[in-house]
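Scroll down for the structure; my scribbles are underneath it.
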Amino acid sequence: MQKTLETPTPRASRFQLWAQENLFSTPLNSVLTALSSLLILWVVYSLSVWAFTQARWAVIPANFRLLMIGPFPIEQIWRVWTVLIVVSLTAGLHWGSAAKGQPLVRWPFITATLIALFALVTQWGFPLSILVPTAVLAVFAGFFFGRAALSPRAVNFTWLGVFAFAMIVLSVDFGQGGVQTRDWGGLLLTMILAVVGIVASFPLGVALAIGRTSQYPIISAICTVFIEVVRGTPLVVVFFIAQLFVPLLLGGSNIDALFRAMIGITVFSAAYLAENVRGGLQSLPSGQIEAARALGLTGTQTLLLIVLPQALKAVVPALVGQGIALFKDTSLVYIIGLKELTTITNSIRNNPNFIGTEKELFFTISVIYFIFSYAMSSGARNLEKRLNTNR
Amino acid sequence: MNSQMQASVPFYRDVKKLALIAQVVFLVVVVLLIALVINNINLGLKKQNLNFSFDFLNQTAGFQVAEGTAFGVPYDSSSDNYFKVVFVGLYNTLRVAVTGMILATVLGVLVGIGRLSSNWLVGRLALVYVEILRNTPVLVQLFVWYFVVILGLPAISKAQPILGVYLSNSGLATPWLVQKPDMPNFFPVTIIAVLIGLAVFAFFSNQRARTGKPTPAGWYAIAAWLLVQIIGFFALGQPLEYGAPVRGNFGVTGGLQVSPEFTALLIGLVVYTSSFIAEITRAGIQSVNKGQTEAARALGLGYSETLQLIILPQALRVMIPPLGNQYLNLTKNSSLAVAIGYSDVLNVLGTAGNQSGQNLQTFFIAGIVYLILSFTIAFLVNLYNSATRLRTR
Amino acid sequence: MKYKNAIIASLAIAGIAAGVLAVTAQGSTSRLDTVKKRGKLICGVNATLSGFGFLDSNGKYSGFDVDFCRGVAAAVFGDASKVDFVSLTAAARFTAIQSGEVDVVFRNTTFTSSRDGDVGVDFGPINFYDGQGVMVKADSAAKRIADLAGATICTNQGTTTEQNINDYFRQRKLQIKVVTYQDFNLVMAAFNQGRCDAVTTDSSGLASQKATSADPSNYRILGEVISKEPLAPFVAQNDSKWRDVVSWTVYSTIYAEELELTSRNIDAAKTSTDPVVRRFLGLEGTSGKGLGLSADFAVDIIKAVGSYKEIFDRNLGPKTKLNLPRRQNANYEQGGLLYSPPFR
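Protein chains in written order, with my numbering: chain A, -3 to 387; chain B, 29 to 421; chain C, 4 to 347.
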């Protein structure tokens, strides 16, 4: 007895100590711990009872294609697969070049391989069981090639090419009929809206920020008014106005509903982005500019080579935050009837065969949104760390 | 002219003149664009025989608005015009936004404190709460609150009243003091009472700060508020009466009724915004120098006293600007009411536009209304910010 | 001082330039030319109303209104497949025309004076005569619409039904609550979850919702009809050339029924000696050319989508789930309201 007390097993002791300190340090803390545990137990219990005994999960596989690509014509689906595999490859390159010189982490490979094997073994039907493993292979190939031979900067430019490539492959007619943008839907449309929004709002936002901080009063005033008016208006109203006014101001010409939504989300996001960038511009000590000018750099050179790189670096977390917000905000095009993930979910749940499955559907799309947003925010945290170590 | 030297510099090398030229060119381009936009919109409208006039606001609306009461005055679809409808919607927006701001702040600060709790489990729980809510779209959350949670409650025909309170998928119905139909409007009294209460609170807390005497400012404020309410009640000849919900053929009537749409929107906005306020609170608390806590504890203050008296007041200064942004976001997000059928200003304007065919004007009005709301909130936040700013000597 | 002058001067320049630009930006052509140039018709339809306009899981549109869109494409191009469909909510349909996003809308839309006047659209001929009805759950206590006093009634935003239902109860001095949602999907979702005691829309719409539900016996449509809902296609205002094309497409289907022509027998009818038939088929007269279409545009329409009877039977008739009677949508010779002006 005495002996065991003196040399307790180290694991138990460490846990006990830890629990003492972190869970039961005061009577209040003990009560909080108990309440929290009850809450967690209750949530986990009711969630699993629902998930394993009540939920009708069949609605998800039955409508999987709708959720992923909406009304995209089935005979044109090769376009989506082509883009997916190219994006997988580039993602692999990106990941590989970023992991250059770092030890290999095994678990992503194991998970991906398992998914690929799962797709091969289970009967997902022809395209899925071949193409999902192909996409996984593409990621692997990209990873090892990127790790061996590419710099992260090169990959960043590759992304722009991939973006243009994807837009072309997803729509242009190669002889057997193209795909109308109104046939884009589901997660595919969500991603397109988010990517276009982020890519297009970036230059506009930076320009607005530079304009607002400009020493010229007229330019500064115009940019300030623009930024504040857009920021004072809800995105839904921006969408409505874009739907109504954009065609009118183009002289009543026919312009795609999706394109109008893209204009709306870009302008909206740019105004927020401008404020973030402005924070970065103003945080820069004026000595930087003075030094640059003293070295003989012109105003433009100072801006592009000295001011912007530092200002943007300082606001990377805010920029990623804006990107996440934009990604989530794509769901608002539901209000103007574009068939992205949220809209598709609402139409599936009114399908007579699937009435009463709102829990399953909303749970699934929440998980999808969460995965992408969370991935972006943890990516931002890593990036932040990397940028910090450079200092 | 003042010197020969200036004249010798050609204009394309004179920085001042170049700057002016750049600005003028920019201005010209902007004015050009605006003129082009206005002109093209006019031409487009003319092409379709439309005119951009607001005369329709005087027409009788003729459609029902769920929750059609503006500032205590009921809306009558048979006689009231579109202008009144806009006010009904604006009132509904304000109702959900103001309530939402207060509740979101309380919940957000609590979760934010929880994030920094010394209790590991509480900290993790708060983290999971924040991460889940921040990483999913607010629209999806609203759908979940409305279609899954609120409409998942038992139907009103099956709901059992608890102490006269009905909670069902037709909303919440509770006994309340309700306005008598032919009596003066009691609503302004409530507004005045709340304002007086706030003024009393400001006065006594200011006095407490000046003299250092412990004054229960909060209690004084509540007393003042209640007093004004009671005086107003008798001065207006008792315009309120007790009303309890009664079950009819369809749902319940009487008492205070809170619609499921309002409830879902309020909960959705509060919970979503609270996750952002929690992170702001955490950052605010962490910005307070650790020495402050240590000093307070050394002086013998307890944990909650340290938090309330030392940390939070200092953290608040850092928190106010981002908090103001969240209030703005909450107000703007309330426009998502249209997705769950709550009659906010955007929703009723949408209906008005469809019924009258004046879509351009109604969305124009919507934009103006939200701009006014946003600028008002920004103004109030700035006012508060400058009032509580640290005065450095 | 100098600065001020510069600014005023630049403003003046800007104003003039804007004026010049704006004048050049405009040109007026008929939508018919735009459509022909594009090589495809863009038609606004409902995507959620089975029988009229419905988008199935494979991304294919079908229904009564959809067939009329195909008919217009056949009239313009001689090819009914040259049409793209855009699904529109009730609230978005007029702005879609105003903004030029779609060429024509066939979306169970009620023809009213204020829409014709204030909204900035022009209507074609009525292609379906309807009336507003009310649907309750099968176990509801309500037998007549007036029994719903005190009830919550749901409908969708941007329709004539909002005012009709309000008028109906106001006239009888009864109270109701109306909750409106963006689209009918949400209305049915809220109804199914018990938020509303009843839903209201066009009777045909209710029949469609009921017929396509998982269990139609869960719902009951109350017997009364509270309004006139003549449903018609519409196009942008002040473009009579384009409206004529849409109008005569609808008339062609009605006229074909009067002449007992169908998609099957129309080729054989070319040997007919009846001058009425010969004019309809474009073998005599110049009606097609005057409309800016081919002489035999009616043949293309009927071959592609059939006569009104065929369209009705295919989408709404006794062999479909909806099983609607023809009633006022029968031809005038059978006591209905359908009547086509002559092709001559």
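Glycine residues also receive a C-beta, built at the ideal position from the N, C-alpha and C atoms. Values in this document were obtained by computation on a predicted structure and should not be read as measured data.
Would you kindly report the start and end of the unbroken alpha helix (DSSP H) that includes residue i?
i      : result
E307/B : P288 to S315
S255/C : S243 to E261
K96/A  : Per DSSP, K96/A belongs to no alpha helix (DSSP H) and is neither H nor E.
L304/A : L304 to A310
M163/A : P148 to S167
I36/A  : P23 to V45
L62/A  : F60 to I65
L399/B : N387 to T416
Y157/B : W148 to R162
N167/C : T164 to Q174
G225/B : F215 to T239
K306/C : F300 to V308
E313/C : Y311 to N318
Check the DSSP bridge columns for residue i and list the partner residues they point to.
i      : result
G291/C : Beta-bridge pairing links G291/C to no other residue.
Y64/C  : L58/C
M347/B : BP columns for M347/B are empty, so no partner.
D87/C  : I45/C
V101/B : A98/B
D133/C : E232/C
I190/B : V193/B
D125/C : V238/C
C157/C : V182/C and V202/C
T206/B : The sequence shown places Val at residue 206/B, rather than the Thr named in the question. BP columns for V206/B point to E269/B.
V108/C : G47/C and F237/C
V280/B : R275/B
Could you please give the first and the last residue of the uninterrupted beta strand (DSSP E) stretch that includes residue i?
i      : result
A239/C : F237 to A239
P1/C   : It is not possible to answer for residue 1/C, since the shown part of chain C is limited to 4 through 347.
T204/C : A201 to D205
R223/C : Y222 to I224
Could you give the distance in angstroms between the alpha-carbon of residue i and the alpha-carbon of residue j?
i      : j      : result
N387/B : L377/B : 9 Å
R317/C : S343/C : 21 Å
T154/A : S369/A : 23 Å
S102/C : S332/B : 60 Å
Q29/C  : V65/B  : In this predicted model, Q29/C has a pLDDT of only 44, less than 50, meaning its place in the structure is not dependable; the value taken from the coordinates is given anyway. So the two alpha carbons sit approximately 13 Å from each other.
A131/A : I340/A : 25 Å
F323/A : T416/B : 36 Å
L360/B : I305/B : Strictly speaking, residue 360/B in this sequence is Lys, with Leu absent from that position. One C-alpha to the other measures close to 16 Å.
P278/C : K292/C : 18 Å
G142/B : S81/B  : 53 Å
P189/B : L195/B : 7 Å
T276/C : V238/C : 36 Å
On the premise that residue j lies in contact with residue i, defined as a C-beta separation below 8 Å, what is that separation, rounded to the nearest angstrom?
i      : j      : result
V192/A : M258/A : 5 Å
L294/C : D242/C : About 13 Å; that fails the 8 Å criterion.
I285/A : I302/A : 7 Å
R149/A : A192/C : Actually they are not in contact, since the Cβ atoms of R149/A and A192/C sit about 50 Å apart, beyond 8 Å.
G260/A : V234/A : 5 Å
L401/B : A132/B : Their Cβ separation, rounded to whole angstroms, is 16 Å, which puts L401/B and A132/B out of contact at 8 Å.
P233/C : I129/C : 4 Å
Y110/B : A380/B : 5 Å
Is residue i near the ligand ATP, judged by its Cβ being under 7 Å from some heavy atom?
i     : result
A15/A : Judged by which ligands are present, the structure shown has none, so any question about the ligand ATP falls away.
Item to check | Three CB pairs or more closer than 8 Å across the stretch 260 to 270 of chain B and the stretch 123 to 141 of chain C | outcome: The stretch 123 to 141 of chain C and the stretch 260 to 270 of chain B do not touch, with fewer than three beta-carbon pairs separated by less than 8 Å.
Next on the checklist: Counting beta carbon pairs with one atom in the stretch 288 to 303 of chain B and one in the stretch 358 to 370 of chain B, are three or more of them shorter than 8 Å?
Outcome noted: Yes, the stretch 358 to 370 of chain B is in contact with the stretch 288 to 303 of chain B.
Checklist entry - Looking at C-beta atoms only, is the number of pairs between the stretch 150 to 168 of chain A and the stretch 299 to 315 of chain A that lie closer than 8 Å three or more? => result Taking 8 Å as the limit for Cβ pairs, the verdict is that the stretch 299 to 315 of chain A does not touch the stretch 150 to 168 of chain A.
Item to check | Contact the stretch 130 to 147 of chain A vs the stretch 76 to 93 of chain A: 3+ CB pairs below 8 Å | outcome: Taking one beta carbon from each stretch, the stretch 130 to 147 of chain A and the stretch 76 to 93 of chain A have 3 or more pairs nearer than 8 Å; the two touch.
Checklist entry - Three or more beta-carbon pairs under 8 Å between the stretch 351 to 358 of chain A and the stretch 65 to 77 of chain C, yes or no? => result They do not touch, by the three-pair rule.
Checklist entry - Contact between the stretch 311 to 320 of chain B and the stretch 267 to 281 of chain B: three or more CB pairs below 8 Å? => result They do not touch, by the three-pair rule.
Next on the checklist: Tell me whether the stretch 145 to 155 of chain C and the stretch 79 to 96 of chain C touch, counting them as touching only if at least three CB pairs, one residue from each stretch, are closer than 8 Å.
Outcome noted: Contact annotation: the stretch 145 to 155 of chain C does not touch the stretch 79 to 96 of chain C, with fewer than three C-beta pairs closer than 8 Å.
Next on the checklist: Closer than 8 Å is the cut-off here; do at least three beta carbon pairs connect the stretch 80 to 99 of chain C with the stretch 205 to 221 of chain C?
Outcome noted: No, they do not touch.
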